[in-house]
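Residues in the sequence shown are numbered consecutively from 23, following the working numbering. For every residue, glycine included, the Cβ atom is placed at its ideal position computed from N, Cα and C. If you're wondering where the values come from, they're calculated on a predicted model, not measured in any experiment. Take a look at the structure below.
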Amino acid sequence: MNKPAICGGTPVRKEKIFYGHQYIDEADIQAVVEVLKSDYLTCGPKIAEAEKKLCEVTGAKYAVLCSNGTAALHIACLAAGVKQGDEVITTPITFAASANCALYCGAKPVFADINEETYNIDPSNVKALTNEKTKAVVAVDFTGQSVELDELLVHCRKHGIALIEDGAHVIGTSYKGQKNGSIADMTTLSFHPVKTVTSGEGGAVLTNSEEYYKKLLLYRAHGITRDESQMVHESDGPWYYEQIDLGMNYRMTDIQAALLISQLDKLPMFSARRKEIVKVYDEAFSEIPEITVQREIPESDTTRHLYILRIKPEMLSIDRKQFFDALAAENVCCNVHYIPTYYFPYYEKLGYQKGLCPKAERLYEEMISLPLYYAMTDEDVEDVIAAVKKIVAYFRK
Ligand SMILES: *Cc1c(COP(=O)(O)O)cnc(C)c1O
């Protein structure tokens, strides 16, 4: 039998492959250089242009660019009116920002367990945790697969709760033929380099509501308005503006916006390639009994940001950590998304304890994020599959 590298065998590949990598081409570089030669490095024309483009790409009526996906979540919660004493329901299988945004507003994050097959927040758990304090649901489209929007929307509307989609993974995905970003009350995006499109750092909030849109603009920029209809006092002159609320400086630069526009041109190409790779992975792994393939709901036409390999430890003589190390020895360098948020010491200090979401906790013990990015070659994909197969074959019970 082919010996895994961790046991002294030859690795499936010589060069390391990582779980994600941005793709920057000459057009991206030119777009950034043009801004650097222009009059505006920030607060210039590229912001409006990128916002318009995001609306075209997602079908949302309004887009508000901001400095990162975390800032987007923060201003979305503020726009939804989240404040001290409120509760915000989210999933633990996400980046910490999905819950931190509630804490920023003085509210309490409440963790709902996941569906054990799709790994997304389970609407029935959201319903069970809803009470009169619930102000918003932050539903994460984990790996890029849409959450069950119909069910969540009906529930949120019924109880007057804002549905905020944390769509950091979701760009390029549609739900029932409609692009994510144009469905929930607000959808936040992230353009961090590991995400499907990047602006270096960057984020956005998408919404169809003019009311939310106006609030988002205020919270992005100090709570300052130049719109006379919003002003409390008479204008002193052309220079006049007013701070009418307490906002942040979460602006994006024109340099980043230009990169984003250029990256969005490539979204169809990025999306197609990611789907292709996922299909090859799914086909290969669905034949391996020791591996569970993430279930996709038929409503979601998914552009996958992450590919989750889920092992069945009861069928293997190694655990997830050992499987992860064995892949690394094959030069397939993976990651784990995510450590349940409430495991973190900061959350422990707030009183959260293990055992809260058993399905999420079990998933965490069994998951590994495999390499998935646009520029992966077919050989890269084959190497990853070969490494997984080799490890499973050697360590199967
Ligand atoms: C990346 C990410 C964020 C935060 O985005 P940043 O741009 O890094 O601030 C939030 N939620 C999820 C699910 C993410 O993956």
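Inset, instruction - Measure the CB-CB distance between residue 405 and residue 28 and report whether it falls below 9 Å. - result: Taking the first residue of the sequence shown as 1, we reach residue 405 at position 383. Taking the first residue of the sequence shown as 1, we reach residue 28 at position 6. Not a contact, by the Cβ cut-off of 9 Å.
Inset, instruction - Within its chain, find whatever has a CB closer than 6 Å to the CB of residue 80; leave out the 5 residues flanking it on each side and keep chain order. - result: Residue mapping note: residue 80 aligns to position 58 of the sequence shown, counting from 1. Contacts found: 201, 203, 204 and 228.
Legend entry - Cβ neighbours of residue 185 in the same chain (closer than 7 Å, five flanking residues each side left out): Numbered from 1 along the sequence shown, position 163 holds the residue referred to as residue 185. Here the set comprises 159, 161, 174, 175, 178, 206 and 207.
Legend entry - Where residue 158 sits in the DSSP three-state scheme: Numbered from 1 along the sequence shown, position 136 holds the residue referred to as residue 158. Strand at residue 158.
Legend entry - Boundaries (first-last residue) of the alpha helix (DSSP H) holding residue 295: Residue mapping note: residue 295 aligns to position 273 of the sequence shown, counting from 1. Per DSSP, residue 295 belongs to the alpha helix (DSSP H) from 289-308.
Legend entry - Exposure label - residue 265; buried when at least 16 CB within 10 Å: On the sequence shown, residue 265 is found 243 positions in, with the first residue counted as 1. Per the 10 Å Cβ criterion, exposed.
Legend entry - Where residue 200 falls: helix, strand or coil (DSSP): The residue given as residue 200 occupies position 178 in the sequence shown. Strand, per DSSP.
Legend entry - Counterpart residues of residue 130 in DSSP-defined beta bridges: Within the sequence shown, the letter at position 108 stands for residue 130. Answer is 109, bridged to residue 130.
Legend entry - heavy atom of ligand 1 below 8 Å from residue 224 C-beta: Locating residue 224 in the sequence shown gives position 202, where the first residue counts as 1. True, at least one ligand heavy atom lies under 8 Å from that Cβ.
Inset, instruction - Answer yes or no: the CB of residue 90 versus the heavy atoms of ligand 1, is any distance below 8 Å? - result: For this step, residue 90 is matched to residue 68 along the sequence shown. Because some heavy atom of ligand 1 lies under 8 Å away, the Cβ of residue 90 counts as near it: yes.
Legend entry - Distance CB(residue 291)-CB(residue 419) smaller than 9 Å: Taking the sequence shown and counting its residues from 1, the one referred to as residue 291 is at position 269. Taking the sequence shown and counting its residues from 1, the one referred to as residue 419 is at position 397. No.
Legend entry - Cut-off 6 Å between Cβ atoms - residues of its own chain near residue 240, not counting five sequence neighbours on either side: Counting from one through the sequence shown, the residue named residue 240 turns up at place 218. The answer, listed in chain order, is 267 and 269.
Legend entry - Collapsed DSSP secondary structure at residue 55 in the structure displayed: Walking along the sequence shown from the start, residue 55 turns up at place 33. Correct three-state label for residue 55: helix.
Legend entry - Cα-Cα separation between residue 359 and residue 262, rounded to whole angstroms: On the sequence shown, residue 359 is found 337 positions in, with the first residue counted as 1. On the sequence shown, residue 262 is found 240 positions in, with the first residue counted as 1. Approximately 47 Å between the Cα atoms of the pair.
Legend entry - Touch test, the region 124-140 against the region 316-327, Cβ-Cβ under 8 Å, three pairs minimum: Verdict: yes, contact present.
Inset, instruction - Could you name the residues of the same chain whose beta carbon sits closer than 7 Å to that of residue 254, not counting the 5 residues immediately before and after it, in chain order? - result: Taking the first residue of the sequence shown as position 1, residue 254 is located at position 232. 264 and 266.
Inset, instruction - Check whether the Cβ of residue 64 lies closer than 8 Å to any heavy atom of ligand 1, and answer yes or no. - result: As a first step, residue 64 is located in the sequence shown; it is residue number 42 there, counting from the start. The answer is no for residue 64.
Legend entry - beta-carbon residue 188 near ligand 1 non-hydrogen atom, thresh 8 Å: Counting from one through the sequence shown, the residue named residue 188 turns up at place 166. Yes - ligand 1 has a heavy atom lying nearer than 8 Å to the Cβ of residue 188.
Legend entry - Identity of the residues DSSP links to residue 271 by a beta bridge: Indexing the sequence shown from 1 puts residue 271 at position 249. Per DSSP, 243.
Legend entry - Segment limits, alpha helix (DSSP H) that includes residue 97: Start at 1 with the first residue of the sequence shown, and residue 97 comes out as number 75. Residues 91-101.
Legend entry - Inter-residue Cα distance where the pair is residue 57 and residue 276: Taking the first residue of the sequence shown as 1, we reach residue 57 at position 35. Taking the first residue of the sequence shown as 1, we reach residue 276 at position 254. Going from the Cα of residue 57 to the Cα of residue 276 covers about 7 Å.
Legend entry - C-alpha distance - residue 147 paired with residue 313, whole-angstrom precision: Position 125 of the sequence shown holds residue 147. Position 291 of the sequence shown holds residue 313. Between residue 147 and residue 313, the C-alpha separation is close to 26 Å.
Inset, instruction - Figure out for me which residue from 180, 285 and 131 has the closest Cα to the Cα of residue 194. - result: Counting from one through the sequence shown, the residue named residue 194 turns up at place 172. Measuring from the Cα of residue 194, the nearest candidate turns out to be 285.
Legend entry - Counted within 10 angstroms of its Cβ, other Cβ atoms place residue 330 as buried (16 or more) or exposed: The residue you call residue 330 lines up with position 308 of the sequence shown. Residue 330 counts as buried, since no fewer than 16 other beta carbons sit within 10 angstroms of its beta carbon.
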